[in-house]
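Take a look at the structure below.
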Amino acid sequence: MADSKSHRATLGGKIFTYVAIALFALISVYPVLRIVTISLRPGNQLLSTSLALIPENATLDNFRILLTETLFLRWLLNSIIVSAVVTVTGVALASTAGYALSRYKFVGRGPMMSGLLVTQMFPATMLLLPLYVVLIKLSLLDSYVGIIIIYSATALPFTVWQMKGYYDTIPASLEEAARIDGASPWQAFRQVILPLAAPALVITALFSFMTAWNEYVVANVVLQNVEHFTLPLGLKMFQASMQTQWGLYAAGSLLVAVPVVVLFLVLSRYLISGLTLGAVKG
Amino acid sequence: MAAISNISEASSAERRYLRWFLFLLLAPTIVLVLAVVAYPFFFNVVLSMSNMNIYHIHDWKVIGLQQYAAVFAEPRFWEVLFKTVVWTLVNIVFHVTIGVFLAVLLHQSFVRGRGAWRVLLILPWALPQYITALTWRGMFNSQFGAINLVLTKYMNMPAVDWLTSPFEAFAAAIMTNIWLGFPFMMVIALGGLQSIPAELYEAAEVDGASAWSQFRNITMPLLRPVMIPAITLGIVWTFNNINVIWLVTNGGEPNDQTHILVSFVYEAAFTAYRFGWAAALSMVIFAILFTFTQIFLKRTNAVEAAY
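Here the protein sequences line up with chains A and B, keeping their order. 0 is the number of the first residue of the first sequence in numbering that gives the first Met the number 0; add one for each residue after it. 0 is the number of the first residue of the second sequence in numbering that gives the first Met the number 0; add one for each residue after it.
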């Protein structure tokens with residue numbers, strides 16, 4: 000990367016840079032290391048005041064108890080079901096609606112776009128409270144139908160915007176060429192444009208999945224039976240009980256967070272280009 | 000940017016086909032949005048003018064604007080509004096300052112292992128928010144939490160009652176939120192820095208401009224258009240972020256002293272079941288945020304045009 004500053008960066012400047020970056024990197028990583036440490040502690044050391052990274056007599060007991068003696072696997076299954084449905088819905092809806100918004104002028108296009116943005120300013124209770132009242136009426140409280148619908152709608156504004164932003168970068172001449180070759184608008188969309196939008200589809204899927212996988216506040220209101228809990232509610236339970244079960248909480252957090260963190264880090268490059276596109280075009 | 004098709008320019012058969020196509024593309028989204036966003040929104044307006052609460056769940060009726068009057072008459076509303084403003088301001092100032100600072104450092108060409116540093120620094124963004132909040136709550140534990148252990152063991156400072164005093168608990172939630180929020184700003188700033196041509200710095204170098212003056216006169220103004228939308232988004236997200244404040248303080252502990260508006264209304268709705276009142280407060284929160292973003296975006300655009 001060409002950057003003239005390097006020619007003059009003094010030794011002092013370089014040292015300052017590395018020290019500052021390393022310090023913030025340490026701050027970023029430390030809480031995660033702390034979870035690892037606590038998850039490895041044997042039962043008699045949970046209330047330890049040690050700051051050692053690897054605890055004395057490190058053990059995987061917490062993981063064993065978590066997987067065999069708690070409802071963790073049940074919650075995992077619940078979360079997977081909810082997140083999977085939300086992801087499929089999100090990708091199907093955002094990829095089509097985003098395409099329409101990117102390519103066609105129609106009555107209500109402008110209001111629809113700003114309407115989607117405005118929903119981002121709703122406080123959590125704005126839709127949750129009326130939906131809660133409706134769910135009580137329909138006896139859908141404590142069911143996945145309610146929560147899946149709410150999550151899909153929550154993720155949609157952002158994913159539609161980000162799909163639209165990505166389609167905007169794909170030249171319309173590609174569809175025009177396909178149309179001249181006799182393809183219908185649907186075929187042009189399905190066979191030419193959609194494959195090109197694969198990176199944006201991945202981000203939409205990731206974002207929809209994370210919305211459902213990481214959501215606590217809505218689930219806390221809608222789901223009531225412990226067997227129906229999703230992972231966030233379940234993990235919170237380890238903390239809520241009279242004596243916090245730190246070891247189980249830490250082990251569970253690790254198992255839940257590691258896959259999504261890895262996914263996020265791998266895909267973050269695309270996420271960022273999508274975000275800045277959407278933001279600059281907004 | 001791709002051209003936008005105008006349906007009225009097409010032939011009539013073609014037009015009919017395109018109408019159907021457009022309808023099929025949009026219908027599912029519109030149905031879902033009408034059912035789960037538009038309908039609840041209007042229902043919420045009705046609720047905000049009703050007397051619905053735990054005693055009137057089924058036999059509620061519309062009573063006019065009394066709930067709004069009750070919101071503004073509630074002294075705690077103003078107190079919590081003030082805390083929300085402090086919460087948002089402090090968080091955003093730290094997010095942007097730390098984010099831009101780290102981005103500028105990382106962008107220097109002598110930095111080795113940029114990708115690896117970036118991954119480490121993005122970690123707080125990647126971690127699920129509720130896990131961040133619950134983990135920091137553990138780290139703020141006064142006896143066994145890592146923060147007090149570091150303070151007492153390495154810095155010879157007295158232990159702080161993080162979670163049991165109102166001010167400290169609020170500060171704890173803010174620190175947690177600063178931690179999870181700076182990577183977003185850093186990443187946006189990094190993207191912005193890449194689009195600034197290196198020649199500008201070379202020219203400034205020839206003119207003998209100092210590093211600080213290069214930052215003031217090249218980096219800042221050119222980063223602005225990228226950062227303003229991100230900051231707007233950041234403000235809206237932070238203002239409405241219930242996860243961190245709710246989970247770090249365990250729902251407003253101690254004694255409901257650590258609320259921002261969004262957690263305050265969540266509690267009113269789902270702990271106290273004051274549905275009508277909570278619906279009115281939701282409308283007020285939305286109105287505050289909506290007005291603010293309109294003004295903020297207009298102001299900043301106006302200034303931008305002056306460049």
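Cβ atoms here follow ideal geometry from the backbone N, Cα and C, with glycine treated the same way.
Note to self: As a quick exercise: from Asn-77/A, Ile-135/A, Tyr-269/A, Thr-229/A, pick the residue whose alpha carbon is nearest that of Ile-187/B.
What the structure shows: Tyr-269/A
Item checked: Environment of Gly-246/A [buried if 16+ CB atoms lie within 10 Å] -> buried
Next item on the list: Put Ser-3/A into one of helix, strand or coil per three-state DSSP.
Entry: With a pLDDT of only 44 at Ser-3/A, under 50, the local geometry of the prediction cannot be trusted, and no value is derived from it.
Notebook entry, point to check: Got a sec: is the Cβ-Cβ distance from Leu-155/A to anything in chain B below 8 Å?
Noted result: yes
Notebook entry, point to check: Run through DSSP, which three-state label would Tyr-272/B get?
Noted result: coil
Checklist line | Counted within 10 angstroms of its Cβ, other Cβ atoms place Ala-218/A as buried (16 or more) or exposed | finding: buried
Check: In whole angstroms, what separates the C-alpha of Pro-196/B from that of Ala-69/B?
Finding: 56 Å
Check: Nearest-angstrom Cα distance between Met-219/B and Val-81/A?
Finding: 44 Å
Check: What does a CB cutoff of less than 7 Å around Thr-231/B pick up in its chain, not counting 5 residues either side in sequence?
Finding: Thr-292, Phe-295, Leu-296
Check: Mind listing which residues of the segment 191-216 of chain A have their C-beta closer than 9 Å to chain B's C-betas, in chain order?
Finding: Met-209, Trp-212, Asn-213, Glu-214, Tyr-215, Val-216
Next item on the list: Using only alpha-carbon positions, find the residue among Phe-237/A, Pro-231/A, Val-159/A, Ile-135/A that is nearest to Val-118/A.
Entry: Here residue 118/A is Thr; the residue named in the question, Val, does not match the sequence. Taking only the C-alpha atoms, the option nearest Thr-118/A is Val-159/A.
Item checked: CB contact below 8 Å: Phe-263/A versus chain B -> yes
Note to self: Counting C-beta neighbours from all protein chains within 10 Å, is the total for Val-92/B 16 or more, i.e. buried, or is it exposed?
What the structure shows: exposed
Item checked: Runs of alpha helix (DSSP H) lying entirely within the segment 29-86 of chain B, each at least 4 residues, in chain order -> 38-47, 65-72
Notebook entry, point to check: By the criterion of Cβ-Cβ separation under 8 Å, what are the contact partners of Tyr-98/A in chain B?
Noted result: Leu-24
Next item on the list: Kindly indicate which three-state DSSP category Tyr-165/A falls into: helix, strand or coil?
Entry: helix
Check: Mind pulling the chain B residues with CB within less than 8 Å of Ala-24/A?
Finding: Trp-116, Leu-119, Leu-120
Margin query: List, in chain order, every chain A residue whose beta-carbon is nearer than 9 Å to that of Tyr-67/B.
Written below: Chain A residues near Tyr-67/B: none, gap ~15 Å exceeds 9 Å.
Item checked: Below-8 Å beta-carbon distance, Pro-231/A vs any chain B residue -> yes
Notebook entry, point to check: So who's on the other strand from Tyr-265/B, going by DSSP bridges?
Noted result: Per DSSP, none; premise fails for Tyr-265/B.
Notebook entry, point to check: Is the shortest distance between the beta-carbon of Ala-1/B and the beta-carbons of chain A less than 8 Å?
Noted result: Note that Ala-1/B scores 48 on pLDDT, short of 50, meaning its location in the model is unreliable; the coordinates nonetheless yield the value given after this. Yes, contact with chain A.
Note to self: Quick check: the segment 248-262 of chain A against the segment 60-67 of chain A, are at least 3 beta-carbon pairs closer than 8 Å?
What the structure shows: yes
Margin query: With H, G and I counted as helix, E and B as strand and the rest as coil, what does DSSP make of Tyr-103/A?
Written below: strand
Check: Going by the CB atoms, is the gap between Met-112/A and Leu-100/A shorter than 8 Å?
Finding: yes
Notebook entry, point to check: Within 10 angstroms of its Cβ, does Pro-156/A collect 16 or more other Cβ (buried), or is it exposed?
Noted result: buried
Next item on the list: Since I believe Ile-202/A is in contact with Leu-282/A (beta carbons under 8 Å), could you give me their beta-carbon distance rounded to a whole number of angstroms?
Entry: Any question about residue 282/A goes unanswered here, given that chain A covers just 0 to 281.
Item checked: Contacts that Tyr-165/A makes with chain B (C-beta to C-beta distance below 9 Å) -> Within chain B, no residue comes near Tyr-165/A; the closest Cβ sits about 11 Å away, beyond 9 Å.
Item checked: Neighbour-count burial assignment, Ile-179/A, 16 or more Cβ in a 10 Å radius -> exposed
Check: So, does the CB of Leu-50/A fall closer than 8 Å to a CB anywhere in chain B?
Finding: yes
Next item on the list: Note the first and the last residue of the continuous alpha helix (DSSP H) segment covering Met-112/A.
Entry: 108-118
Item checked: Sufficient close CB pairs (3 or more, under 8 Å) joining the segment 221-228 of chain A to the segment 70-85 of chain A -> yes
Item checked: is_contact[Pro-27/B, chain A] using C-beta, thresh 8 Å -> yes
Checklist line | Distance CB(Ala-317/B)-CB(Val-85/B) smaller than 8 Å | finding: Here chain B has residues from 0 to 306 only, and residue 317/B is not among them.
Check: If Leu-31/B sits next to Ala-152/A, beta carbons under 8 Å apart, how far is it from one beta carbon to the other, in whole angstroms?
Finding: 6 Å
Next item on the list: Please determine if the segment 175-184 of chain B and the segment 146-159 of chain B are in contact, where contact requires at least 3 C-beta pairs separated by less than 8 Å.
Entry: no
Check: What does Thr-95/A touch in chain B if you count any residue whose Cβ is under 8 Å from its own?
Finding: Leu-23, Leu-24, Leu-25, Pro-27, Thr-28
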